[in-house]
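*Asks:* Residue numbers (numbering that gives the first Met the number 0): 0 to 498.
Built from N, CA and C at the ideal position, the CB exists for glycine as well.
From a predicted model like this one, the values you see are computed outputs, not experimental measurements.
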Amino acid sequence: MPDLPAPQDATEAELFSECWDAVLSYADLCTSGSLTAHQLATEAFTSGMRELRAVGTLPGRGPGRRPGRLPAIPELLTAVRNTAAGWEAGGQGHKLDPELRLWLNSARAARFAGPPAGRPVALRGLRDMQGSDATLLWLAEVEALPLTAVARRLGLDPATAADELDQVRNLFRVRCHRAHLDSPMDAECRAYARLLDAVTRSAGAETPPDLSRHLATCAPCAEAAACLRLHGGGLPAAVAGGVLGWGGLAYLERRRRAAEVRLGAGHPGAPGAGGDPEERGGRGRALRGGLLGAAVLLSALALGVSMMPFGGSSDDEAAARDDRQPVADPGTFPVTGGSPGPGGPASGDTAPREPASAAPSATAPRTRHETRSPGPEPQGTSSGTTAPTRPETPAPTCRVAYDLVNQWPDGFQATVTVTTAEALTGWQVAWSFRDGQRIDRMWDATAHQAGSRVTATAADYNRSVAARSSLSFGFIGSWRDRNRTPYDFTLNGETCAAG
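(1) If you run the structure through DSSP and keep just helix, strand and coil, what is Met184?
(2) Residues in the same chain with beta-carbon distance under 8 Å from Asp439, minus the five sequence neighbours each way, listed in chain order, please.
(3) In angstroms, rounded to a whole number, what distance separates the CA positions of Asp185 and Thr418?
(4) Span of the beta strand (DSSP E) holding Asn405?
(5) How is the beta strand (DSSP E) around Gly410 delimited, first residue to last?
(6) Where does His179 sit, in a helix, a strand or coil, going by DSSP?
(7) Could you compute how far the alpha carbon of Leu103 sits from the alpha carbon of Arg151?
(8) Hey, out of Pro219, Phe111, Glu140 and Val120, whose CA is closest to Arg174's CA?
(9) What are the start and end residues of the beta strand (DSSP E) that includes Arg452?
(10) Rounded to whole angstroms, what is the Cα-Cα separation between Pro499 and Leu75?
(11) With 16 other CB atoms within 10 Å as the buried threshold, where does Gln412 fall?
(12) What's the C-alpha gap between Leu251 and Gly233?
(13) Which residues mark the beginning and the end of the beta strand (DSSP E) in which Asp439 is found?
(14) Touch check for the segment 67 to 87 and the segment 26 to 37: three-plus C-beta pairs under 8 Å?
(15) Using DSSP with H/G/I as helix, E/B as strand and the rest coil, what is His230?
(16) Should Ala84 and Ala108 be called a contact, given that it needs their Cβ atoms to be closer than 9 Å?
(17) So, for Ala223: in the same chain, excluding its five sequence neighbours on each side, which residues have a beta-carbon less than 6 Å away from its beta-carbon?
(18) Return the residue from the list Gly244, Asp434 and Phe472 that minimises the CA-CA distance to Arg100.
(19) If you check the beta carbons only, do Ala225 and Ala236 fall under 9 Å apart?
(20) Whole angstroms is fine: what's the gap from Arg172's alpha carbon to Leu144's?
(21) Should Asn491 be counted as a contact of the ligand PLP given a C-beta to heavy atom distance under 8 Å?
(22) Could you tell me whether the Cβ atoms of Trp442 and Leu248 are closer together than 9 Å?
(23) Please state whether DSSP places Trp426 in a helix, a strand or coil.
(24) Buried or exposed: where does Thr147 fall if 16 or more other Cβ atoms within 10 Å of its Cβ makes it buried?
(25) Which first and last residues belong to the beta strand (DSSP E) in which Phe488 is found?
(26) Whole-angstrom Cβ separation of Asn461 and Leu470, contact assumed at under 8 Å?
(27) Less than 9 Å between the C-beta atoms of Gly435 and Arg479, yes or no?
(28) Please classify Leu138 as buried or exposed, where buried requires at least 16 other C-beta atoms within 10 Å of its C-beta.
(29) Can the beta-carbon of Val453 be found closer than 9 Å to that of Trp426?
(30) Considering only the beta carbon of each residue, do Arg255 and Ser24 sit closer than 9 Å?
(31) Would DSSP call Ala319 helix, strand or coil?
(32) Quick one: Cα of Val141 to Cα of Thr134, how far?
(33) With Leu470 as the anchor, note down where its alpha helix (DSSP H) starts and where it stops.
(34) If you measure between the beta carbons of Leu122 and Val260, is that distance less than 9 Å?
(35) So, are the CB atoms of Tyr191 and His176 less than 9 Å apart?
(36) May I ask you to report which of helix, strand or coil DSSP gives Arg200?
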C-alpha cells in the first residue's frame, strides 16, 4: 500500500487537511471493510495529488483556475472511483462493495469515460464553471459546511456569501441548461427541452402532465431537471450524483454527519458561534507544524462518527422530541417534481390524540402519543376527599421520525430516525407502506421487503446504539398514484411512537 504523498508546501498541507476525510469517507462506501477503505483512499489520494500537480490546478484563493477541471475534493473523489474501477479490471474486485461492482460493469459507469457530450449534465456544468465558483457550490451544497465556514475557507466576505452562493447556483443552472441542449437527444426530448427550462425556473410553476410523463420515462431529461430546479432541496443530490455516479446520496448523508461533528458547538464555523476573523490564519500556522498526523486523527474521528447514527442523547432532547408534531403526510412536504403527486393528506396518517375528556394531570403530564387504556384502579382504602391515582402509562421504548426528503414523478427519497430508550447491540426497524411503495436502494441498513412490509437491518458498523440516542438510515423508493406516510413502525418487534 503506498504511503500518503508528502505535502510540498503550505497549500498542499491545507489541501490534505480539507480533503482527506472526504476521500476516506467515499472510499469506505466503495469497499467491503475499513482496511481496504484506507488502502483505496491512500492509493486514490496519491494518484489524485499527482494529477493535480501535473496540471497545475492546486486550489488557491483567487478565481484564476481555468474551467474544465473539478474542484479539489470532487477531483479526488473521482480518483477514488477511477481507482476502484482499476481494482475491478485488475482482479481485485472482491475488495469492493458488490453494488459498486455491478455499477462499474454497467452502461451507467461507461458514461463517465465516454464522449463528453454524453456525460452527466451536472458533471459538465460544474466543469464549465470557474474554480472558485465551483468550489463554493460544492462545499456549501455537497459537503454541507455552514456558509460562514465556506466563506472563511475561500476568503469571501461572510456578509455577502449568501448572495454569492445564490448567483453561483443560478450560474450552475445556466451551465447545465446549455449542457443539456448540447447533449445527443431524440426529437421528443428536444421538443421538451425548452419547456423543461421554463417550468424549472419558478418554484410555483405547474408541471404539465405530458412533461411529467416524459420525465418519468426518460432518465437523461429527469437528470437535467434535477440540475435545473434550484428549489425543493434536490440540488445537492443532483451535483453529487452527477459527479460521483455511484453512492452520491450515501456520500451526502455521511458528509452532513461529518460536518455536524467537525463544526459542532463552539467551533468558529458553527452557526451562532463567535470567532476571531484572524483565527483561520492562526490555525493555519499551527497546522503547518504537525498537520499530517492531526489531520489523519481528525478525519478518522469524523469518519467514524459520520458512519454512526446521530441523535440527542440527553433527557432534555428526548423530552423535546416528545413535543414534536406527529410524522407529517408526504403531501405536506415540498416536492421537486413540479405538481404534487395525486395523493393528498389522509386523515389516518397522523398519530391519535387524547380525547378531550382525558385532561392531563398537572403533576404527571401525559404525551399525546400515549394511547393505551389506563390500568385498573389501585386496591386499598382511599380517603373520601382524595381522588384515586391512576398508574402512569409506560413510556414508549422508541420513537420514530419519518422524513420525506425529496419526491419526483415516480420516485422519492426518505430518511427514518428512531430514538431508543434502551441500549441496543443490534436492531431491526420495520414498517408498512400504505400505497404499494417499493424500496429500490437503502444505505446505513439492509432492506428486506415482503409486500407492503419493510424490514431494515443494521449494518455492521452501526449495530450498537447507546440508550437515549438515535439510529438513522435512508432509502430511495418508487411509488404510483399515492405516496402517503408509512405506519406501524417497530424496533426489534416493539411498537414505536411517532414523533
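*Replies:* Judging by the given coordinates:
(1) Met184 sits in coil when the DSSP states are folded into three classes, being neither helix nor strand.
(2) So the list reads Gly410, Phe474, Ile475, Gly476 and Ser477, once near-sequence residues are dropped.
(3) Distance between the alpha carbons of Asp185 and Thr418 is about 49 Å.
(4) From DSSP, the beta strand (DSSP E) with Asn405 extends over Cys397 to Trp407.
(5) Its beta strand (DSSP E) spans residues Gly410 to Thr419.
(6) For His179, the secondary structure class from DSSP, reduced to helix, strand or coil, is helix.
(7) Rounded to whole angstroms, Leu103 to Arg151 spans 37 Å at the Cα level.
(8) Answer by Cα proximity: Val120.
(9) Run containing Arg452: Arg452 to Ala457, per the beta strand (DSSP E) assignment.
(10) In the structure as shown, the chain begins at 0 and stops at 498. Residue 499 is therefore absent and cannot be evaluated.
(11) Looking at its Cβ environment, which holds 16 or more other Cβ atoms inside 10 Å, Gln412 is buried.
(12) Distance between the alpha carbons of Leu251 and Gly233 is about 11 Å.
(13) Its beta strand (DSSP E) spans residues Arg437 to Trp442.
(14) The way I'd put it, the segment 67 to 87 does touch the segment 26 to 37; three or more beta-carbon pairs between them come closer than 8 Å.
(15) DSSP places His230 in coil when its eight states are reduced to three.
(16) Taking C-beta atoms as the reference points, Ala84 and Ala108 count as a pair closer than 9 Å.
(17) Taking Ala223 as the centre and dropping the five residues before and after it, the same chain places the C-beta of Val120 and His179 closer than 6 Å to its C-beta, in chain order.
(18) Cα-wise, what sits closest to Arg100 is Gly244.
(19) Yes. Within cutoff.
(20) Going from the Cα of Arg172 to the Cα of Leu144 covers about 21 Å.
(21) As far as ligands go, the structure on display features none, and thus does not contain the ligand PLP.
(22) Against a cut-off of 9 Å, the Cβ pair of Leu248 and Trp442 comes out as a contact.
(23) Correct three-state label for Trp426: coil.
(24) Buried, by the Cβ-count rule.
(25) Residues Tyr486 to Leu490.
(26) The distance from the Cβ of Asn461 to that of Leu470 is about 6 Å, consistent with a contact at the 8 Å cut-off.
(27) A contact, by the Cβ cut-off of 9 Å.
(28) That one is buried.
(29) With contacts defined as CB atoms closer than 9 Å, Val453 and Trp426 fail to qualify as a contacting pair.
(30) Cβ atoms of Arg255 and Ser24: not closer than 9 Å.
(31) With a pLDDT of 40 at Ala319, under the threshold of 50, the predicted position of this residue should be treated as unreliable, and no value is reported.
(32) In a straight line, the C-alpha of Val141 is about 10 Å away from that of Thr134.
(33) Careful: Leu470 lies outside any alpha helix (DSSP H), inside the beta strand (DSSP E) at Ser468 to Ser477.
(34) One thing to note: Leu122 has its Cβ no nearer than 9 Å to the Cβ of Val260.
(35) For Tyr191 and His176, no; Cβs fall outside 9 Å.
(36) DSSP places Arg200 in coil when its eight states are reduced to three.
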